[in-house]
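J.:
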Amino acid sequence: MRMERDYEAYFDDYNCLKVYMSKNFFNGSSRIFHLKDSCDRIIHLNIDHKQDLLNGYTKYVLSLKEPLIMGEEYVVYDEHCQKTICQYSHIVKTIRFNQEYEVKDIDLGCFYTKERTVFRLWSPVAYQILLRLDDHGQKSTIEMERKEKGIFETTVSKDLLNAHYTFMVRANGTWKETVDPYNSFCGPNTQYSVVQSIENVKLPKKVKVPLMRSNTDAIIYEASIRDMTSEPGIGVKHPRKFKGFTEENITTKSMSTGFSYIRSLGVSHIQLLPVFDFGSVDEVYTDIFYNWGYDPVHHRALEGSYSTDCTDATKRIEELAHLVQDCHQAGLKVNLDLVFNHVYTKEKYPLEILVPNYYFLMDTEGEFSNGSFCGNDIDTQPPMSRKYFVDTCLRIVEWFDVDGFRFDLMGILDYNLMNEIAEKCRALKPDFMIYGEGWNMPSFVPEHLRASMLNQDQMPLIGHFSDRFRETCRGSNGDLEICGYSNGDTGLLNSMQQCLGGGCLDHLFDSPQKAINYVECHDNHTLWDKNSVCCQHESRGVLMQRQTLANALVILAQGIPFLHAGQEFGRTKYNLGNSYNRSDHYNHIDYNLRNKHMPIVVDTKLLIKIRKEHPCFRLATKEEIETNVSFGDIDGKVLVYQAKCKEDVCLCFFNPTSEHFTYDSHQKLSILFDNGNINAATTYRVGIAPYCVVVCTLS
Numbered sequence: 025m026r027m028e029r030d031y032e033a034y035f036d037d038y039n040c041l042k043v044y045m046s047k048n049f050f051n052g053s054s055r056i057f058h059l060k061d062s063c064d065r066i067i068h069l070n071i072d073h074k075q076d077l078l079n080g081y082t083k084y085v086l087s088l089k090e091p092l093i094m095g096e097e098y099v100v101y102d103e104h105c106q107k108t109i110c111q112y113s114h115i116v117k118t119i120r121f122n123q124e125y126e127v128k129d130i131d132l133g134c135f136y137t138k139e140r141t142v143f144r145l146w147s148p149v150a151y152q153i154l155l156r157l158d159d160h161g162q163k164s165t166i167e168m169e170r171k172e173k174g175i176f177e178t179t180v181s182k183d184l185l186n187a188h189y190t191f192m193v194r195a196n197g198t199w200k201e202t203v204d205p206y207n208s209f210c211g212p213n214t215q216y217s218v219v220q221s222i223e224n225v226k227l228p229k230k231v232k233v234p235l236m237r238s239n240t241d242a243i244i245y246e247a248s249i250r251d252m253t254s255e256p257g258i259g260v261k262h263p264r265k266f267k268g269f270t271e272e273n274i275t276t277k278s279m280s281t282g283f284s285y286i287r288s289l290g291v292s293h294i295q296l297l298p299v300f301d302f303g304s305v306d307e308v309y310t311d312i313f314y315n316w317g318y319d320p321v322h323h324r325a326l327e328g329s330y331s332t333d334c335t336d337a338t339k340r341i342e343e344l345a346h347l348v349q350d351c352h353q354a355g356l357k358v359n360l361d362l363v364f365n366h367v368y369t370k371e372k373y374p375l376e377i378l379v380p381n382y383y384f385l386m387d388t389e390g391e392f393s394n395g396s397f398c399g400n401d402i403d404t405q406p407p408m409s410r411k412y413f414v415d416t417c418l419r420i421v422e423w424f425d426v427d428g429f430r431f432d433l434m435g436i437l438d439y440n441l442m443n444e445i446a447e448k449c450r451a452l453k454p455d456f457m458i459y460g461e462g463w464n465m466p467s468f469v470p471e472h473l474r475a476s477m478l479n480q481d482q483m484p485l486i487g488h489f490s491d492r493f494r495e496t497c498r499g500s501n502g503d504l505e506i507c508g509y510s511n512g513d514t515g516l517l518n519s520m521q522q523c524l525g526g527g528c529l530d531h532l533f534d535s536p537q538k539a540i541n542y543v544e545c546h547d548n549h550t551l552w553d554k555n556s557v558c559c560q561h562e563s564r565g566v567l568m569q570r571q572t573l574a575n576a577l578v579i580l581a582q583g584i585p586f587l588h589a590g591q592e593f594g595r596t597k598y599n600l601g602n603s604y605n606r607s608d609h610y611n612h613i614d615y616n617l618r619n620k621h622m623p624i625v626v627d628t629k630l631l632i633k634i635r636k637e638h639p640c641f642r643l644a645t646k647e648e649i650e651t652n653v654s655f656g657d658i659d660g661k662v663l664v665y666q667a668k669c670k671e672d673v674c675l676c677f678f679n680p681t682s683e684h685f686t687y688d689s690h691q692k693l694s695i696l697f698d699n700g701n702i703n704a705a706t707t708y709r710v711g712i713a714p715y716c717v718v719v720c721t722l723s
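Heads up: the sequence shown begins at 25 in this note's numbering, then just goes up one per residue.
1) Only counting the same chain, and skipping five residues up and downstream in sequence, which positions put a Cβ closer than 6 Å to that of Ala576?
2) Could you pull the start and end residues of the alpha helix (DSSP H) that Phe552 belongs to?
3) In chain order, what residues of the same chain have a beta carbon less than 7 Å from the beta carbon of Phe593, not counting five sequence neighbours either side?
4) Exposed or buried, what is Met386 when buried is set at 16 or more other beta-carbons lying within 10 Å of its beta-carbon?
5) Decide if Val308 is buried, meaning its Cβ has at least 16 other Cβ atoms within 10 Å, or exposed.
6) Determine the direct distance from the alpha carbon of Lys372 to that of Ser238, and round the result to whole angstroms.
7) What does a CB cutoff of less than 6 Å around Ala242 pick up in its chain, not counting 5 residues either side in sequence?
8) Using DSSP's beta-bridge definition, name the partner residues of Ala33.
9) If we count Cβ pairs, one from each stretch, closer than 8 Å, do we get three or more for the stretch 33-45 versus the stretch 111-123?
10) Measure the CB-CB distance between Asn186 and Gln220 and report whether it falls below 8 Å.
11) Leaving out five residues on either side along the sequence, give the residues of the same chain with a beta carbon under 8 Å from the beta carbon of Thr404.
12) Enumerated in chain order, which unbroken segments of the alpha helix (DSSP H) with a length of 4 residues or greater are wholly contained in the stretch 162-237?
13) Between Lys173, Val421, Asp513 and Ile402, which has its C-alpha nearest Arg120's C-alpha?
14) What three-state label does DSSP hand Gln582 in the structure shown?
15) Does any residue of chain D have a CB that is nearer than 8 Å to the CB of Asp350?
16) Based on the DSSP output, what are the partners of Gln152 in its beta bridges?
17) Give the DSSP bridge partners of Lys267, in chain order.
18) Under 6 Å Cβ to Cβ from Val358, same chain only, skipping five residues before and after it: list those, please.
19) Does the stretch 225-232 touch the stretch 249-266, meaning 3 or more C-beta pairs lie closer than 8 Å?
20) Which residue from Ser500, Gly656, Ile166 and Asp672 puts its Cα closest to that of Tyr687?
21) Use the C-beta contact count for Pro148: other C-beta atoms within 10 angstroms, 16 or more gives buried, fewer gives exposed.
22) Quick check on the DSSP output: the beta strand (DSSP E) that includes Ala247 runs from which residue to which?
23) In the DSSP assignment, find the unbroken alpha helix (DSSP H) run with Thr276 in it and report its ends.
24) On the DSSP bridge assignment, give the partners of Thr141 in chain order.
25) Please classify Arg65 as buried or exposed, where buried requires at least 16 neighbouring CB atoms within 10 angstroms.
26) Can you check DSSP and say which residues form a bridge with Met94?
27) Suppose only complete runs of 3+ residues qualify. What are the beta strand (DSSP E) ranges in the stretch 662-716, listed by chain order?
28) If contact is defined by three or more beta carbon pairs under 8 Å, each pair taking one atom from either stretch, is the stretch 534-541 in contact with the stretch 641-648?
29) Name the DSSP bridge partner or partners of Tyr81?
30) Could you name the residues that DSSP lists as bridge partners for Ala539?
31) Grab me the residues of Thr82's own chain with a C-beta within less than 6 Å of its C-beta, minus the 5 sequence neighbours each way, in chain order.
32) From this set, Tyr598, Asp319, Thr270 and Ser654, which residue's C-alpha is nearest Asp401's C-alpha?
33) DSSP beta-bridge partners for His588?
34) With DSSP as the reference, label Phe300 as helix, strand or coil.
35) Report the residue from Asp481, Ser689, Phe397 and Ser329 whose alpha carbon sits nearest the alpha carbon of Leu722.
36) Within 10 angstroms of its Cβ, does Lys265 collect 16 or more other Cβ (buried), or is it exposed?
Here you go:
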């Protein structure tokens with residue numbers, strides 16, 4: 025933010041220095057300006073433009089009479105001999121800067137061997153960088169050497185294994201301390217980086233999981249590391265930790281809790297809420313704070329509060345790697361939720377300290393984009409930013425063997441980045457999943473370049489959460505009293521049909537592999553809490569049937585079904601719409617409620633089984649859907665949905681009303697699912713009970 029002090033100066037291009045002077049500072053007036061560098065050389069400036077601003081400042085646009093030296097520390101003097109530091113600002117966004125300082129083939133970070141450790145950073149605008157080293161109590165400070173392309177480097181020729189270090193960076197006239205943004209090994213609360221090598225980490229042997237035929241084979245289950253095991257008395261010895269997430273024993277199996285419970289559901293993919301370092305939980309005192317983790321501090325370091333020992337820099341890496349392989353051993357794939365759109369605190373973000381302004385969306389006047397509504401939006405378009413985030417993704421896949429990424433507020437990112445990540449990750453794993461929140465966020469990224477749903481045709485391998493499915497099926501997120509089709513608004517029947525077609529029949533998506541169908545996720549009210557308001561006069565039994573009806577619509581629709589943990593039993597957050605920092609009481613998986621609502625669980629498991637056994641619900645292309653999916657209705661209320669795949673033909677009926685209906689068939693039908701329990705195993709006349717779902721196949 026500019027114009028917070030009386031006198032400020034910013035390099036916005038190689039030959040453009042903008043000066044802002046308050047009217048309270050010599051009336052904002054100066055006849056002349058000149059630069060002085062760190063060697064006390066004077067560089068004269070031209071005043072190209074002067075403008076009085078409405079906010080009480082005068083703006084000067086100045087040009088230099090000598091070439092700018094990048095990384096040099098300049099001050100600008102006015103006619104009163106008043107001086108201020110010249111900050112490198114929009115200049116880092118220019119084409120010339122990116123051409124001159126892009127580094128393609130040199131790795132950055134900390135590189136350990138027993139004989140020596142090399143420390144290497146990229147910071148073209150830094151004046152000086154010091155390595156602050158703590159080698160098991162022996163402290164030293166080493167000045168790093170500036171090399172070509174804005175690289176700073178130093179080598180320490182001794183065995184530094186497990187030594188702690190930070191960097192002191194002088195840029196834009198101030199010293200700031202930071203950890204190493206390229207190093208995944210760090211101490212508690214990211215206070216320091218640790219000299220280590222992935223070669224020293226005891227990674228488990230990778231377990232192969234069968235490839236998916238298409239993304240529509242996936243059934244995604246979103247879960248939090250903490251929530252799944254935070255309830256006491258469920259038999260988990262390491263609750264709320266990576267290690268506890270996949271812990272199984274006699275108790276967890278007998279009670280069907282934690283990982284034992286997840287395994288029983290039949291889903292294909294677990295999507296974990298953020299597991300990379302976030303700032304809102306103290307890693308040492310983990311009971312004080314709760315947070316989902318959508319406030320990144322370090323994009324390559326794992327969250328220490330999920331580790332059994334946050335002081336051991338290798339432990340959290342080993343434990344997440346074991347979690348993934350435990351899931352693979354159980355036939356489950358793992359997707360990670362990545363937050364590449366904003367950070368916890370911009371001023372303390374390591375990459376921002378190294379190259380101020382480069383990694384955030386900013387215009388030519390120094391205003392920052394706020395499409396994330398977090399005060400900062402990451403800019404993934406500059407080449408070194410793009411390289412950082414692409415390389416981060418590749419490291420995650422190579423180290424942890426994960427199977428997919430979900431991107432938070434993906435619409436703030438540009439689709440070229442998303443395509444590059446998808447292509448490179450699929451080169452490592454052919455069925456790797458990439459999907460995210462494709463909302464059209466109001467950021468500084470031009471609309472035609474955003475990784476939003478509006479540009480889905482530019483992202484052949486990227487999926488998008490279908491907010492239309494959510495709003496049509498469950499009703500408005502904003503107004504809890506507004507119903508969707510599943511909770512009684514039969515006027516949405518036609519829209520619900522389009523949703524069941526994966527958005528392909530009316531061209532929302534050009535492939536069902538892009539449609540992430542959901543009615544509930546970590547955000548907003550749970551479906552149970554929503555229904556408790558919009559269907560408040562209905563009994564618990566009816567609410568349970570409505571829960572199953574909505575789950576059936578999600579699971580049987582063309583596209584990719586997405587279930588939030590607890591959706592399969594009517595999870596409640598006590599009518600709290602945003603529980604991101606509201607303690608385990610609101611967020612834990614309540615296995616007692618699960619037991620109370622077991623009929624929903626049983627129904628959901630059976631629906632998942634039906635989807636997996638019947639390829640007609642997993643069509644992979646728009647053309648297949650256009651040929652093999654058809655719809656009808658009964659009295660404009662009951663939605664009739666038929667799907668075919670060669671000899672596999674299924675007929676589904678969804679009844680969100682209090683009325684009974686029948687359907688007469690010319691062919692004998694076998695009942696696969698009927699939570700109204702009113703049909704024989706085979707029949708020509710299908711009965712559809714109130715608030716119920718019936719799924720049949722041709723006998």
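Note that CB positions come from ideal geometry on N, CA and C, so glycine has one too.
T.: On the basis of the data shown:
1) Leu631 and Val717
2) Note on identity: in this sequence residue 552 is Trp, with Phe being the wrong assignment. That run of the alpha helix (DSSP H) goes Leu551 to Cys558.
3) Leu617, Arg618, His621, Ile624 and Val625
4) buried
5) exposed
6) 41 Å
7) Answer for Ala242: Ser292, His293 and Ile584, listed in chain order.
8) Bridge partners of Ala33: Val43 and Cys110.
9) yes
10) yes
11) Phe364, Arg410, Phe413, Leu437, Asp438 and Leu441
12) none
13) Lys173
14) Assigned with DSSP and collapsed to three states, Gln582 falls in coil, not helix or strand.
15) The structure shown contains no chain D; it is built from a single protein chain.
16) Arg194
17) Its beta-bridge partners do not exist; DSSP assigns none.
18) Within the same chain, and ignoring the five residues on either side of Val358 in sequence, the residues whose Cβ sits closer than 6 Å to its Cβ are Ile294, Val348, Cys351, Val426 and Asp427.
19) no
20) Gly656
21) Looking at its Cβ environment, which holds 16 or more other Cβ atoms inside 10 Å, Pro148 is buried.
22) Ile244 to Ala247
23) Ile274 to Met279
24) Tyr136 and Val180
25) exposed
26) Residue pairing by DSSP places Met94 opposite no residue, since no beta bridge is assigned to it.
27) 662-669, 672-678, 685-698 and 706-712
28) yes
29) Ser46
30) His488
31) Met45, Gly52 and Asp76
32) Asp319
33) BP columns for His588 point to Glu246.
34) strand
35) Ser689
36) buried
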